[in-house]
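Undergrad: Right, I'll just put the structure down here and ask away after.
Number of protein chains: 2
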Amino acid sequence: MPKPWATLGVDLHLEPAGGGLRRGLTDALREAVRTGRLAQGTRLPSSRSLAADLGIARNTVAEAYAELVAEGWLTARQGSGTRVADREVIPPTGGAAAARAIAPPHAPARPVPAPRPERPRPAYDLVPGTPDLSAFPRTEWLKAARRAFLAAPNHALGYGDPRGHVELRTALAGYLSRARGVRADPDHVIVCAGFAHGLHLLATVLRARGLKTVAVESYGLPPHWRQLTRAGLTTTPLPFDELGTNPGELDDQGAVLLTPAHQFPMGVPLHRDRRATVVDWARRTGGVVLEDDYDGEFRYDRQPLGALQGLDPDRVVYLGTASKSLAPGLRLGWMVLPPTLLEEVTEAKGGVDTCGTPDQLTLAEFLTSGAYDRHVRAARLRYRRRRDALVRTLATHAPHLQVTGIAAGLHAVLRLPPGTEQSVTQAATWQGLALHGLTTYRHESATVPPLDALVVGYGTPPDHAWAGALEALGRVLP
Amino acid sequence: MPKPWATLGVDLHLEPAGGGLRRGLTDALREAVRTGRLAQGTRLPSSRSLAADLGIARNTVAEAYAELVAEGWLTARQGSGTRVADREVIPPTGGAAAARAIAPPHAPARPVPAPRPERPRPAYDLVPGTPDLSAFPRTEWLKAARRAFLAAPNHALGYGDPRGHVELRTALAGYLSRARGVRADPDHVIVCAGFAHGLHLLATVLRARGLKTVAVESYGLPPHWRQLTRAGLTTTPLPFDELGTNPGELDDQGAVLLTPAHQFPMGVPLHRDRRATVVDWARRTGGVVLEDDYDGEFRYDRQPLGALQGLDPDRVVYLGTASKSLAPGLRLGWMVLPPTLLEEVTEAKGGVDTCGTPDQLTLAEFLTSGAYDRHVRAARLRYRRRRDALVRTLATHAPHLQVTGIAAGLHAVLRLPPGTEQSVTQAATWQGLALHGLTTYRHESATVPPLDALVVGYGTPPDHAWAGALEALGRVLP
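Heads up: the sequence lines are chains A and W, in that order.
Under the numbering used here, the first residue of the first sequence is numbered 16, with each subsequent residue one higher.
Under the numbering used here, the first residue of the second sequence is numbered 16, with each subsequent residue one higher.
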């Protein structure tokens with residue numbers, strides 16, 4: 016039998032990188048496709064034969080293939096094996112605009128290397144975390160930008176308040192007060208570039224105060240935990256039971272990061288008694304509560320529970336963003352801070368405003384003109400319908416699977432039969448469906464027994480792709 | 016015992032709404048508080064007695080109370096029961112929009128506290144650092160925003176590359192290459208929120224690498240030095256003589272911050288031999304050069320000297336911004352980094368993009384469409400005329416005072432007779448003229464003999480105030 020690798024005629028330079036063999040293999044294959052050494056349409060050897068050829072485990076090859084399928088470099092079709100994807104699916108690299116920039120009419124430009132292609136997107140995307148970007152109200156946003164920008168005084172374009180523009184802080188304080196029960200004085204609002212930026216600033220401040228540990232939830236977003244460890248903090252998960260996160264074991268951690276309105280990803284609100292427990296703990300120990308109110312706008316069955324911050328604005332830092340309600344690309348978030356933290360967080364920001372005047376003033380105008388409310392109402396309806404469709408489809412086609420959590424947000428948790436999560440997500444990857452299992456969101460030190468489930472982000476697909484995404488989901492369910 | 020509800024004298028209209036009894040009760044109570052029917056400070060009946068009175072479960076009342084406490088309408092304190100919160104502690108409601116959301120259109124909105132008055136601006140402003148904000152090309156900017164935003168693919172609104180949008184990095188690489196001789200690969204460009212943000216990130220990285228000291232110039236911007244000390248670094252000034260900053264004494268500092276094209280504020284370019292000395296030092300010692308190219312676009316007598324970065328992109332970090340060429344309020348800056356620093360700086364950014372998509376894409380469009388070049392050309396002409404007017408005025412009315420530095424930038428240094436600087440700046444303050452003496456920009460550890468001079472920022476006043484500012488300056492000169 017000829018060596019399958021030899022058949023490909025590609026030299027892999029397979030050196031175990033930091034991430035080990037799998038990472039090395041993935042990188043080498045990606046590079047081979049990117050540079051064209053592996054031509055479009057080339058059929059790759061089966062994972063079994065390539066593994067034998069390279070003398071490595073079959074799983075290692077299968078995982079590398081799966082990752083490259085998810086990234087769009089390879090395609091996998093039942094019956095036709097794994098092939099190098101057609102170039103058409105790789106997004107453009109800047110094209111005409113780039114050419115114009117590089118070669119101005121009169122100056123001989125030095126050559127600028129083309130930017131790397133962005134990671135290709137899968138056919139369907141049910142990964143939670145991003146709203147339907149096709150529904151972003153572009154025209155309304157541009158109108159608000161025009162109104163806000165033409166009305167702004169000249170000095171609004173100068174060096175501004177490090178906390179952010181007062182127009183935006185005032186609009187946010189009003190909005191958060193009425194919509195989320197936040198006790199917000201515009202002076203205590205700090206505009207930041209999204210949740211991760213806000214958490215990064217708070218982590219820096221807490222570390223500088225001498226904190227070593229932050230309690231987090233057993234389930235959550237690993238990038239948020241990494242944001243804390245990046246600042247030198249250790250994260251310790253709180254227990255999780257049928258009532259949700261249990262803060263009863265909070266001790267001397269100094270700070271806790273929670274999603275009280277709608278636990279991410281489990282989808283339950285923090286139990287009333289436990290809200291009180293958290294605040295009591297903070298008062299007793301001088302601890303700080305970081306409240307991640309990531310999708311507080313989206314509750315479908317009743318009024319959302321007010322923010323935990325309303326219980327004790329001196330102990331709770333409220334964090335919110337426009338990332339779910341409008342778009343992550345705006346990079347606009349906000350913190351409502353206890354007065355004792357204001358100065359330190361401003362310092363951590365480098366003592367300067369980090370968000371652009373045009374975008375800040377546009378959001379302020381969006382909020383005060385009512386455009387924000389209108390957009391959120393329409394989005395709520397859209398996501399509610401999607402959630403209903405998801406629940407209906409599952410009730411019909413997979414009645415043995417249970418959707419858990421409250422009717423809220425942009426994602427649902429779908430319980431799977433024990434032991435099936437990995438095979439379902441793998442099948443999804445092979446079908447070009449981006450889909451995360453619950454395991455992705457489980458803290459590595461969590462003591463809660465592992466649970467097989469999917470976290471289905473129904474907010475992400477554009478309307479035209481929603482039915483297809485739902486069908487693709489149906490095909491991979493057990 | 017009187018009915019507690021009767022005691023309150025409030026008609027609840029307690030009809031089970033969609034959300035059931037609890038929802039109905041919560042809404043009715045909120046409405047009663049909002050409209051003032053339940054006055055501030057009113058103590059509510061215990062949940063037990065109100066539940067008995069209404070004939071509903073105690074839990075229903077307790078939950079309604081808890082929710083309203085969470086929302087800030089009620090307060091609950093150990094020992095004093097549940098009360099209607101003081102109006103003062105309820106944050107503003109955002110005026111018209113809020114009134115629409117909470118209350119029917121005819122209800123009077125709760126007053127919104129006025130934002131704190133900003134620091135009053137002087138009658139005339141000759142402090143350097145800000146361009147003429149009245150000349151910001153608002154209409155052009157909005158047009159570019161419209162073109163860029165309507166053409167952007169949906170995914171441009173998602174979570175982006177932590178380095179910034181590839182369109183902007185590509186446009187910047189092209190622009191910096193032709194306009195400033197920067198050797199820029201879009202992959203090595205990181206978009207940041209202005210110079211201070213970029214320096215903050217670099218200082219964090221250098222400190223984490225173990226650096227203790229950064230060499231700076233004897234004259235410079237104290238906020239930049241503070242940005243370094245904030246990160247735990249010490250700044251040591253290099254000598255300054257008639258040829259400008261002298262890097263000959265660079266030793267084991269590990270990094271140096273320079274303004275090579277146009278020393279700020281002294282206005283001289285870094286001498287050719289000294290450019291070579293700096294790069295030699297960096298190569299010999301593994302040191303890093305931070306090049307602050309703050310006004311490289313504005314040279315009036317000849318082509319500006321290319322960026323120092325062009326001499327050795329592996330040793331020099333290039334920093335530029337839109338703050339002088341467009342406006343500081345855009346909060347858009349850029350770094351071109353040696354590959355070895357890329358990952359660390361991205362990490363210091365928190366691993367996320369910090370600048371908004373609309374503003375980033377607009378600047379990219381501004382650069383590639385030629386609007387940026389047109390604006391810079393017009394600004395160059397405006398500032399050159401102002402500089403000429405300043406020099407002419409001084410030659411006529413104060414021929415004993417010398418304007419030093421090259422014909423460039425947005426400020427000039429005006430030498431004063433020894434011992435007069437303080438009295439001149441004091442006189443200016445009394446006349447409502449914002450004006451800085453050179454002392455403001457002298458490093459406290461500088462060994463260069465103090466020099467009496469003014470740093471006149473002629474870029475700041477709007478056109479209509481320029482003549483007045485010049486006159487005001489004339490009145491305070493010795």
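We put the CB at the ideal spot given by N, CA and C, even for glycine.
1. Could you tell me the distance, in whole angstroms, from the CA atom of A443/W to the CA atom of E232/W?
2. I want to verify the contact list: residues of chain A whose CB lies under 9 Å from the CB of L165/W, in sequence order.
3. Taking only three categories from DSSP, how would you classify A163/W?
4. Take D388/A as the anchor and find which of V283/A, W481/A and L191/A has the nearest alpha-carbon.
5. Count the other CB atoms, across all protein chains shown, that sit within 10 Å of the CB of D307/A; report buried if there are 16 or more and exposed otherwise.
6. What residue from V206/W, P252/W and R400/W has the CA that sits closest to C370/W's CA?
7. Helix, strand or coil for D140/W per DSSP?
8. If we count Cβ pairs, one from each stretch, closer than 8 Å, do we get three or more for the segment 338-355 of chain A versus the segment 359-374 of chain W?
9. Mind checking whether R535/W and E362/A have CB atoms under 8 Å apart?
10. Which residue marks the beginning of the beta strand (DSSP E) containing D147/A, and which one marks its end?
11. Where D140/W and T274/W are concerned, what is the direct C-alpha to C-alpha distance, given to the nearest angstrom?
12. With DSSP as the reference, label W349/A as helix, strand or coil.
13. Does DSSP classify T462/W as helix, strand or coil?
14. Rounded to the nearest angstrom, what separates L376/W and A342/A at their Cα positions?
15. Cβ of Q242/A less than 8 Å from any chain D Cβ?
16. Would you list, in chain order, the members of the segment 313-330 of chain A that have their beta-carbon closer than 8 Å to a beta-carbon of chain W?
17. Of all the residues that make up the segment 474-486 of chain A, which are near chain W by a beta-carbon distance shorter than 8 Å?
18. Just to confirm before moving on: does the CB-CB distance between L59/W and G87/W stay below 8 Å?
19. Locate the alpha helix (DSSP H) running through R178/A, then write down its first and last residues.
20. In the segment 208-239 of chain W, which residue ranges form an unbroken beta strand (DSSP E) of at least 3 residues, counting only runs that do not cross its ends?
21. According to the Cβ coordinates, are Y398/A and L425/A closer than 8 Å?
22. What is the rounded straight-line gap between the Cα of R317/A and the Cα of E155/A?
23. So, with DSSP's three-state summary, where would you put F381/A?
24. Rounded to the nearest angstrom, what separates A81/W and L36/W at their Cα positions?
25. Answer yes if the segment 319-327 of chain W comes into contact with the segment 281-290 of chain W, meaning at least three C-beta pairs across the two stretches below 8 Å, and no otherwise.
26. Where DSSP assigns a beta bridge to G96/A, which residues make up the other side?
27. Please report the distance separating the alpha-carbon of P14/W from that of A91/W.
28. I'd like the ranges of any beta strand (DSSP E) spanning at least 3 consecutive residues and lying wholly in the segment 416-492 of chain A.
29. Give the DSSP-derived three-state secondary structure of Y333/W in the structure shown.
30. Determine contact between the segment 258-268 of chain W and the segment 447-455 of chain W, defined as no fewer than three beta-carbon pairs at a distance below 8 Å.
31. Please state the DSSP three-state secondary structure of D374/W.
32. Shorter than 8 Å from the beta carbon of A138/A to some beta carbon of chain W?
33. If you measure beta-carbon to beta-carbon, which residues of the segment 252-275 of chain A are closer than 8 Å to chain W?
34. Put D202/A into one of helix, strand or coil per three-state DSSP.
35. Going by DSSP, which residues form a beta bridge with P252/W?
36. Tell me where the alpha helix (DSSP H) around D295/W begins and ends.
TA: A quick look at the data gives this:
1. Those two C-alpha atoms are separated by around 27 Å.
2. Those are R153, T154 and L157, listed as they occur along chain A.
3. In the three-state reduction of the DSSP assignment, A163/W falls in the helix class, which pools H, G and I.
4. It is L191/A whose Cα lies nearest to the Cα of D388/A.
5. Here D307/A is buried, its C-beta having at least 16 other C-beta atoms within 10 Å.
6. Comparing Cα positions, the closest option is V206/W.
7. D140/W falls in the strand class under three-state DSSP.
8. Contact annotation: the segment 338-355 of chain A touches the segment 359-374 of chain W, with at least three C-beta pairs closer than 8 Å.
9. Here chain W covers residues 16 to 493 and nothing more, so residue 535/W does not appear.
10. Per DSSP, D147/A lies in no beta strand (DSSP E) segment and is marked neither H nor E.
11. Distance from the CA atom of D140/W to the CA atom of T274/W, rounded to whole angstroms, is 24 Å.
12. W349/A falls in the strand class under three-state DSSP.
13. Note: T462/W maps to coil in three-state DSSP.
14. Within the model, the alpha-carbon separation for L376/W versus A342/A is close to 15 Å.
15. Protein chains A and W are contained in the structure displayed, whereas chain D is not.
16. Going along the segment 313-330 of chain A in chain order, one finds D316, R317, Q318, L320, G321, A322, L323, G325 and L326 with a Cβ nearer than 8 Å to chain W.
17. Listed by position, the residues of the segment 474-486 of chain A near chain W (Cβ gap below 8 Å) are P477.
18. No, the pair does not count as a contact, with Cβ atoms beyond the cut-off.
19. Taken as a continuous stretch (DSSP letters only), R178/A belongs to no alpha helix (DSSP H), as it is neither H nor E.
20. DSSP runs (the beta strand (DSSP E)) wholly in the segment 208-239 of chain W: 228-231.
21. In contact: Y398/A and L425/A (Cβ atoms closer than 8 Å).
22. Straight-line Cα distance between these residues: approximately 28 Å.
23. The answer is helix: DSSP assigns F381/A an H, G or I state.
24. So the two alpha carbons sit approximately 15 Å from each other.
25. Yes, the segment 281-290 of chain W touches the segment 319-327 of chain W.
26. In DSSP, G96/A forms a bridge with R92/A.
27. Lying before the first or after the last residue shown, residue 14/W is absent from chain W, which here runs from 16 to 493.
28. Annotation: the segment 416-492 of chain A contains the following complete segments of the beta strand (DSSP E) (minimum length 3 residues), in chain order: 417-419, 426-430 and 468-472.
29. Reduced to three states, the DSSP call for Y333/W is strand.
30. Touching, no, given that fewer than three Cβ pairs across the two stretches are closer than 8 Å.
31. The answer is helix: DSSP assigns D374/W an H, G or I state.
32. Cβ-Cβ to chain W under 8 Å: no for A138/A.
33. Flagged: no residues at all.
34. Looking at D202/A - three-state DSSP - the assignment turns out to be helix.
35. DSSP lists V231/W as partners of P252/W.
36. Residues R287 to T300.
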